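Undergrad:
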Amino acid sequence: MERKLDQGFTLIELLVAVAVAGILLGIGVPSFADAIKESRISSQYNTLVGSLYLARSEAVKGSSEVTVCPRSAAGSSQCGGKQDWDNGWLVFIDRSKVQGEATASIDAVDEIIAVEPEPKGDNTIMAIGSPTNSAAGSSEVGFVRYTQSGGAEWSSGSIIVCDTHRGAAYSRAINVVLTGDIRRGLPQGDDKVPRDVFNQSISKYCSEPS
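Be aware that the sequence shown starts at 26, since it is given in the numbering used here, and climbs by one per residue.
1) With 16 other CB atoms within 10 Å as the buried threshold, where does L73 fall?
2) By a C-beta neighbour count over all protein chains shown, 10 Å radius and 16 as the cutoff for buried, is G214 buried or exposed?
3) With distances taken Cα to Cα, identify the nearest neighbour of P184 among I207, S174, I153 and G175.
4) Pull up the DSSP beta-bridge partners for S164, would you.
5) Starting from V222 and walking both ways along the beta strand (DSSP E), at which residues does that stretch end?
6) Our contact map puts Y171 next to V222 with C-beta atoms below 8 Å; I'd like the distance itself, whole angstroms only.
7) Could you give the distance in angstroms between the alpha-carbon of S67 and the alpha-carbon of K145?
8) Kindly indicate the opening and closing residues of the beta strand (DSSP E) around P95.
9) Determine contact between the region 187-201 and the region 55-66, defined as no fewer than three beta-carbon pairs at a distance below 8 Å.
10) Does D216 come out as helix, strand or coil in the three-state DSSP assignment?
11) Under the rule that 16 or more other beta-carbon atoms within 10 Å means buried, what is Y78, buried or exposed?
12) Between E165, V202, Y195 and S163, which has its C-alpha nearest S181's C-alpha?
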């Protein structure tokens with residue numbers, strides 16, 4: 026009568042398998058975490074770019090200017106100030122703009138055409154703009170407005186998405202020029218950090234992780 030031998034792992038084989046699994050996890054888990062962070066900031070960048078393209082397109086097609094503004098709070102349908110981009114943003118047909126206003130306002134005659142929720146994760150967003158009178162210099166701004174010509178109602182500006190986990194080299198800059206064209210901020214030379222529309226490294230806006 027033929028006997029069947031028990032087949033299984035020896036203790037040594039099990040220890041070797043656990044060691045190999047540990048090595049593979051040590052390699053794979055950080056890579057997977059980085060992939061999630063990259064996907065997150067790419068999504069936030071692309072959503073902002075999409076909102077700007079929508080605003081520009083609607084301004085050109087319509088009879089009123091179109092504004093992109095941060096929400097005053099998460100879930101709000103009102104514009105906030107320059108520090109509120111992390112709450113998400115709104116795109117609206119701006120029929121009641123006030124010349125020289127620092128904060129956009131949505132009134133009864135205006136029409137919201139897109140609503141974006143607060144970004145996932147800890148990444149931060151800010152907008153840096155220079156008024157038409159460029160001698161005034163650049164500073165944080167509370168909205169981006171497109172005119173019916175397709176141009177932006179600032180001489181130039183950038184929306185910066187800071188990767189708070191990986192630092193400035195992994196952060197993004199959306200550069201908007203006076204003509205309204207939207208361009209991705211790229212590094213220059215050997216520098217790995219993207220540059221804003223004023224050709225400045227966005228490391229001045231995005232701090233390095235501790």
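Even for Gly, the Cβ is constructed at its ideal location relative to N, Cα and C.
Values in this document were obtained by computation on a predicted structure and should not be read as measured data.
TA: For this structure:
1) Position 48 of the sequence shown, counted from the start, is the residue given in the question as residue 73. The residue is buried, with at least 16 neighbouring Cβ atoms inside 10 Å.
2) What you label residue 214 is simply residue 189 of the sequence shown in a count that begins at 1. Burial call: exposed.
3) Counting from 1 along the sequence shown, the entry for residue 184 is found at position 159. Here residue 184 is Ile; the residue named in the question, Pro, does not match the sequence. Ranking I207, S174, I153 and G175 by Cα distance to I184 puts I153 first.
4) To locate residue 164, count along the sequence shown from 1; it is residue 139. G154, per the DSSP bridge assignment.
5) Counting from one through the sequence shown, the residue named residue 222 turns up at place 197. Premise fails: V222 is in no beta strand (DSSP E) and is neither H nor E.
6) Translated into the one-based positions of the sequence shown, residue 171 becomes position 146. Translated into the one-based positions of the sequence shown, residue 222 becomes position 197. Contact flag wrong, Cβ pair sits at about 16 Å.
7) The residue given as residue 67 occupies position 42 in the sequence shown. The residue given as residue 145 occupies position 120 in the sequence shown. Straight-line Cα distance between these residues: approximately 12 Å.
8) In the sequence shown, counting from the first residue as 1, residue 95 sits at position 70. P95 -> beta strand (DSSP E) spans E90 to P95.
9) yes
10) Within the sequence shown, numbered from 1, the residue matching residue 216 stands at position 191. In this structure, D216 counts as coil in the three-state DSSP scheme.
11) On the sequence shown, residue 78 is found 53 positions in, with the first residue counted as 1. So Y78 ends up on the exposed side.
12) Within the sequence shown, numbered from 1, the residue matching residue 181 stands at position 156. Ranking E165, V202, Y195 and S163 by Cα distance to S181 puts V202 first.
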